[in-house]
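Note sheet for the following structure.
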Amino acid sequence: MNIFITFDYEIYFGENHGTVEKCIISPTAELIRISEKYDVRFCFFVDCGFILKLDEFRKIYPQLESDYKAITQQVEYLSKTGHDIQLHIHPHWEDSYYNGEKWVIDVKRYKLSDFNDSEIAAIVFRYKKVLTDITNKSVFVFRAGGWCLQPFSKLKNAFVENGINLDSSVFRNGFYSSEQYSYDFRNAPDKAIYKFENEPEVEIKNGFFTELPISSIKNSPLFFWKLFLLGRKNPYLHKPLGDGRAMAAPGYRKKLLTRVTNNPVSVDGYNASLLEKALCRLMKKKFEHMVVIGHPKALSRYSIQMLEQFVSENNRKHLFTTYSNSFSNKK
Ligand SMILES: [Zn+2]
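Add 53 to a position in the sequence shown, counting from 1, and you land on the number used in this note's numbering.
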């Protein structure tokens with residue numbers, strides 16, 4: 054099995070966005086520690102819109118200089134040491150700004166498809182360039198912010214023009230819809246990898262794009278009751294390391310607590326307890342690839358322990374790999 058441990062590298066987008074140090078830098082340092090101890094590499098989907106905004110506003114507010122440096126230096130270090138740095142787009146940064154004290158985050162246009170064609174083209178070009186300027190390596194993989202990449206036909210041209218041909222945002226049977234954000238992967242194929250053309254959830258043989266979906270797992274409400282209760286009972290172990298709050302997702306928590314739901318296999322918080330179980334299921338299905346999502350901000354002390362255990366137990370049996378190592382852009 055090829056195992057891709059992937060992280061969306063970003064702060065929070067709610068009222069309280071948290072600090073760069075607690076949401077990104079220090080939890081990522083823990084990931085670096087694990088990767089060096091076991092000689093494995095991870096994939097980081099970097100929220101480039103934030104780097105662009107930091108760069109813009111550090112010229113007005115010098116207090117942002119340290120955040121800008123910390124992020125760009127950590128991304129450069131990750132890339133130099135063999136981790137994968139790929140494209141994560143949260144286009145709401147276009148409408149957001151720093152007011153001298155905090156980021157004022159406007160999520161009215163949360164999805165890339167909320168922008169017009171020429172704006173989309175410019176965003177994909179500029180956001181990708183931020184990364185290639187830092188890493189000098191090929192950027193060809195996309196992870197949509199908040200899983201919002203539909204309708205993909207609106208994004209397609211910009212991706213073709215910028216050499217993005219692999220997406221890793223879909224998780225099978227995932228479905229959510231609210232005013233700001235929505236995704237629907239209920240019809241996605243039950244496959245570890247497939248090609249697509251206009252919609253990432255529809256397989257097209259010989260399509261231009263490759264989908265390497267995030268592995269999906271079914272959770273009962275009991276799992277989430279446990280997750281929330283453990284967070285209260287033992288916050289030291291189970292509280293997220295990031296110091297912000299997620300943006301509102303109306304109805305989402307209620308759905309998790311009352312219904313069986315399909316969720317991405319994740320290393321965030323208590324979800325990390327399911328890594329081994331998810332791997333077994335995928336092996337039974339004879340899948341070749343396992344893709345795990347995580348967020349440095351949403352890691353807990355518990356999930357870091359679980360990740361370390363998962364890596365140490367499987368490092369010899371399976372291949373922990375990156376998109377660049379497994380699918381590097383054929384030109
Ligand atoms: Zn994100």
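The beta-carbon is built from N, C-alpha and C at its ideal position, and this holds for glycine as well.
V255 and A301 have their alpha carbons spaced roughly 29 Å apart. Taking 8 Å as the cut-off, the beta carbon of Y121 is found no closer than this to the beta carbon of F98. Under the three-state reduction of DSSP output, V213 falls in the helix class. Within the segment 129-158, no run of alpha helix (DSSP H) reaches 4 residues while sitting entirely inside it. In this structure, ligand 1 has no non-hydrogen atom nearer than 7 Å to the beta-carbon of G227. Note on geometry: alpha-carbon atoms of R162 and K370 lie some 44 Å from one another. In this structure, D92 has its CB at a distance of at least 7 Å from all heavy atoms of ligand 1. Listed as beta-bridge partners of I58 by DSSP are V345. E232 carries a coil assignment under DSSP once its states are collapsed to helix, strand and coil. The beta carbon of D296 sits closer than 7 Å to the beta carbons of G71, T72, K75, C76 from its chain, once the five residues preceding and following it are set aside; these are given in chain order. In this structure, the CA atom of P303 is about 40 Å from the CA atom of N189. Counting along the chain, V183 sits inside no beta strand (DSSP E); it lies in the alpha helix (DSSP H) bounded by residues 170-188. Between ligand 1 and the CB of H143, the shortest heavy atom gap is smaller than 7 Å. Using a cutoff of 7 Å, the CB of E63 counts as near ligand 1, since one of the ligand's heavy atoms is closer than that. Put simply, the segment 166-178 touches the segment 202-216. At least three CB pairs are less than 8 Å apart.
DSSP places K330 inside the alpha helix (DSSP H), whose first and last residues are 328-337.
Taking a contact to require three or more Cβ pairs closer than 8 Å, the segment 210-226 and the segment 235-251 qualify as touching.
Out of G199, D108, F178, S119, the CA that lies nearest to the CA of H143 is found in G199.
In this structure, P293 lies near K350, with their beta-carbon atoms less than 8 Å apart. Residue ranges of uninterrupted beta strand (DSSP E) with 3 or more members, entirely inside the segment 67-142 and ordered along the chain, are 96-100, 137-142. For V364, the enclosing alpha helix (DSSP H) has its first and last residue at 354-367. Between S221 and V345, the C-beta gap is not smaller than 8 Å, which leaves the two residues out of contact. In terms of Cβ geometry, H141 and R179 do not form a close pair [threshold 8 Å].
Ranking S79, T125, M359, L117 by CA distance to the CA of D186 puts T125 first.
The alpha-carbon of K258 is positioned some 43 Å away from that of H291. Of all C-beta pairs linking the segment 84-103 to the segment 356-364, three or more are shorter than 8 Å, placing the two stretches in contact. Looking at the DSSP output, K248 sits in a beta bridge with T263. Taking the Cβ of G199 as the reference point, at least one heavy atom of ligand 1 falls within a distance shorter than 7 Å.
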